[in-house]
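2 protein chains.
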Amino acid sequence: MARAAVKAQAAEPLDGAERILQILSESARLFATTGYDGTSMRDIAEACGISKSLLYHHFKDKDEIYARITLGSTRELYQFVFDRLPEGARPIERIRGFMVATGEYFQRYRWAWVASTTAFWNDPEQRRQKERMMWRDRYENLLRGLIQAAIEAGELRPLDVPLAGRLILSSLNWMHRWYKPEKGMSAPQIADAYFDMILNGLKVEG
Amino acid sequence: MARAAVKAQAAEPLDGAERILQILSESARLFATTGYDGTSMRDIAEACGISKSLLYHHFKDKDEIYARITLGSTRELYQFVFDRLPEGARPIERIRGFMVATGEYFQRYRWAWVASTTAFWNDPEQRRQKERMMWRDRYENLLRGLIQAAIEAGELRPLDVPLAGRLILSSLNWMHRWYKPEKGMSAPQIADAYFDMILNGLKVEG
DNA sequence: GCAAGGATCGACCGGACGGTCAGGTGTTCC
DNA sequence: GGAACACCTGACCGTCCGGTCGATCCTTGC
């Protein structure tokens, strides 16, 4: 009877892959809403209904969870957008495709997107940070290439390409600060509206 | 001789007001670069060359320092921009004034600006947060009023005013993520370039 | 010359954090 | 039936954090 308190096994065992997905999804939500430092391993465990120790069974440490989310979603964003660029379309329409696809990605993978977009401070593991930035740069260069092509095709005025790219990315990257999914336009719709405003300008025609 | 280790007084005493400014300035820099949670009271004390206890002599707690910075700079931003709107100018030029003034504020009070622009999570003291949001709203509504006036004056196309406002603010609020003060355009110059792109559009004229 | 009060310090506290450990269950495979 | 292994647990550890305390030093005013 001295062993009365033993009784382990509270959460029903899940297949490893499912558990890992659950952990990543709950972590992404927490990181996105309360930040890296504001999210403790205890919070994550509680949100998953498991013990803290189990997190360390599946992941080396907190930073590995974080890196999986941010690196993963940055890489995926690039691939997601790249795959959706309308082939053979006019350069200007490809820019619209870039923006709308980014809006779609944001809407689908909101928490991971927010976590990795706001990833900024904390560079605990330099190598991981570097790899993430590599994909981020690739994503940004993809847009710059589209802008450059549109200029050469005579569809855009000759302009400061990096700055124009930053203007477009700013509009998309800032969305998470005010976007409420339950009401108003969807994220791709917003991206499309931004496309119209940025490309045509706010001024009256002529 | 048992008192050998006493010897207090390491930092030369400063007039209270100067010390407070020093603390606020160092804190703003730290909050902006390493975040709220990533900045400890020990970090702040060390950056100021004083003991941790002294921080508590001047401020009630960590959150009071943070609130002073973020609330203060949000209120100041509104006032700063408001005072620089060109009176009597065409509505569209007043929008330019809004953007350039914001760029100037960013350049001058960079760390406080970044700290308060990225303030997001952590609402430890609800009242302070509310007051900050009030000034933030006032700032945003100022811009919306300018846009509305420009539409009514026939200088802007009829458009979704809140969305157009967000587009403009996004471009300014995202600047701190890539801006390097030592090279390239100054912040007001960037704001002006953004104004041109957003108002006239990226597309070739006609 | 001494009281008052602001500026400053080092030592300390309770609590939360990231992470470890030894072990308990349940399945699968020989 | 038992070895191997994946899944899971509570108890524990050292560290750092925000914050407190009592004392010392310095200036100012009487």
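Heads up: the protein sequence lines correspond to chains C and E, in order.
Here our numbering runs 275 ahead of the position in the first sequence, where the first position is 1.
Here our numbering runs 275 ahead of the position in the second sequence, where the first position is 1.
From the three backbone atoms N, C-alpha and C, an ideal C-beta is built for every residue, glycine too.
Exercise for the section: Please go through the same chain and pick out, in chain order, the residues whose beta-carbon is closer than 8 Å to the beta-carbon of A468/E, but skip the five residues on each side of it. Expected result: M460
Practice task
Please list the residues of the stretch 445-461 of chain E that have a C-beta atom closer than 9 Å to any C-beta atom in chain C, keeping them in chain order.
Solution key: S445, S446, L447, N448, W449, M450, R452, W453, M460
Exercise for the section: Would you mind reading off the limits of the alpha helix (DSSP H) that contains F357/C? Expected result: It spans 337-359 - the alpha helix (DSSP H) in which F357/C sits, taken as one unbroken run.
Practice task
Return the bridge partner residues of H478/C from the DSSP annotation.
Solution key: A quick correction: the sequence has Lys, not His, at residue 478/C. Paired residue(s): L431/E.
Handout entry: Alpha carbon of Y384/E to alpha carbon of D358/E, nearest angstrom
Key = 16 Å
Handout entry: Own chain, CB closer than 6 Å to S446/C, minus 5 neighbours either side, in chain order
Key = Y469
Exercise for the section: Below 8 Å CB to CB, which residues in the same chain sit around T377/E once its five sequence neighbours on both sides are set aside? Expected result: L352, V356, L447, A466
Problem - Under 7 Å by beta carbon: chain E residues contacting E321/C - result: Those do not exist, as E321/C stays about 18 Å from chain E at its closest Cβ, beyond 7 Å.
Practice task
Counting only the same chain and skipping the five closest in sequence on each side, list residues whose C-beta sits under 6 Å from that of R350/C.
Solution key: Excluding residues within five positions, the ones whose Cβ falls inside 6 Å are W410.
Practice task
Below 8 Å on the Cβ atoms is my guess for P366/C versus E430/C; work out the distance and round it to an integer in Å.
Solution key: 6 Å
Problem - Identity of the residue in L329/C, R371/C, G313/C, A462/C nearest I295/C by Cα - result: L329/C
Exercise for the section: Rank E301/C, Y311/C, M374/C by C-alpha distance to the C-alpha of E321/C and give the top, closest one. Expected result: For E321/C, the nearest C-alpha among the options comes from E301/C.
Practice task
Note the first and the last residue of the continuous alpha helix (DSSP H) segment covering M450/E.
Solution key: From DSSP, M450/E is part of no alpha helix (DSSP H); its letter is neither H nor E.
Practice task
Tell me whether the beta-carbon of A462/E lies closer than 8 Å to the beta-carbon of F373/E.
Solution key: no
Practice task
For Y469/E, return the contacting residues in chain C, with the cut-off set at a CB-CB distance below 7 Å.
Solution key: L442
Problem - Alpha-carbon to alpha-carbon, A390/C and T308/C - result: 8 Å
Handout entry: Nearest residue (CA-CA) to R432/C, options E427/E, G476/E, D435/E, A439/E
Key = G476/E
Problem - Cβ-Cβ distance between L434/E and M472/C below 8 Å - result: yes
Exercise for the section: Measure how close the beta-carbons of L418/E and L438/E come, nearest whole angstrom, since I'm counting them as under 8 Å. Expected result: In fact, because the Cβ distance is near 12 Å, the residues do not count as touching under 8 Å.
Practice task
Would you kindly work out how many angstroms separate the C-alpha atoms of I370/E and A364/E, rounded to a whole number?
Solution key: Taking C-alpha positions only, I370/E is separated from A364/E by approximately 10 Å.
Practice task
Could you run through the stretch 420-434 of chain C and flag, in chain order, every residue whose CB is less than 7 Å away from some CB of chain E?
Solution key: For the stretch 420-434 of chain C, which is checked against every Cβ of chain E, the residues closer than 7 Å are G429, E430, L431, R432, L434.
Exercise for the section: Could you tell me the distance, in whole angstroms, from the CA atom of K455/C to the CA atom of E293/C? Expected result: 28 Å
Practice task
Anything in the stretch 375-390 of chain E with a Cβ closer than 7 Å to a Cβ of chain C? List those residues in chain order, please.
Solution key: none
Practice task
Only counting runs of 4 or more residues, tell me where the alpha helix (DSSP H) segments fall wholly within the stretch 362-414 of chain C, in order along the chain.
Solution key: 366-383, 385-393
Problem - Residue burial classification, W449/E (beta-carbon count within 10 angstroms, cutoff 16) - result: buried
Handout entry: Straight-line gap, T392/E to L360/E (C-alpha atoms, nearest Å)
Key = 21 Å
Exercise for the section: State yes or no: is the beta carbon of M472/C nearer than 8 Å to at least one beta carbon in chain E? Expected result: yes
Exercise for the section: Spatial neighbours of H451/E within its chain, please: CB distance less than 6 Å, with the 5 preceding and 5 following residues excluded, ordered by chain position. Expected result: V389
Exercise for the section: Using a Cβ cut-off of 8 Å (strictly closer), state whether L438/E contacts chain C. Expected result: By this cut-off, L438/E is an interface position.
Practice task
Tell whether a beta-carbon distance below 8 Å holds between A387/C and I344/C.
Solution key: Yes. Within cutoff.
Handout entry: Rounded Cβ spacing between W453/C and R441/E (contact assumed at less than 8 Å)
Key = 6 Å
Handout entry: Residue-level contact to chain E via CB, D312/C, 8 Å cutoff
Key = yes
Handout entry: Cα-Cα separation between Y414/C and Q354/C, rounded to whole angstroms
Key = 9 Å
Practice task
Note the first and the last residue of the continuous alpha helix (DSSP H) segment covering M316/E.
Solution key: 316-323
Problem - Closer than 8 Å to chain C by CB, G476/E - result: yes
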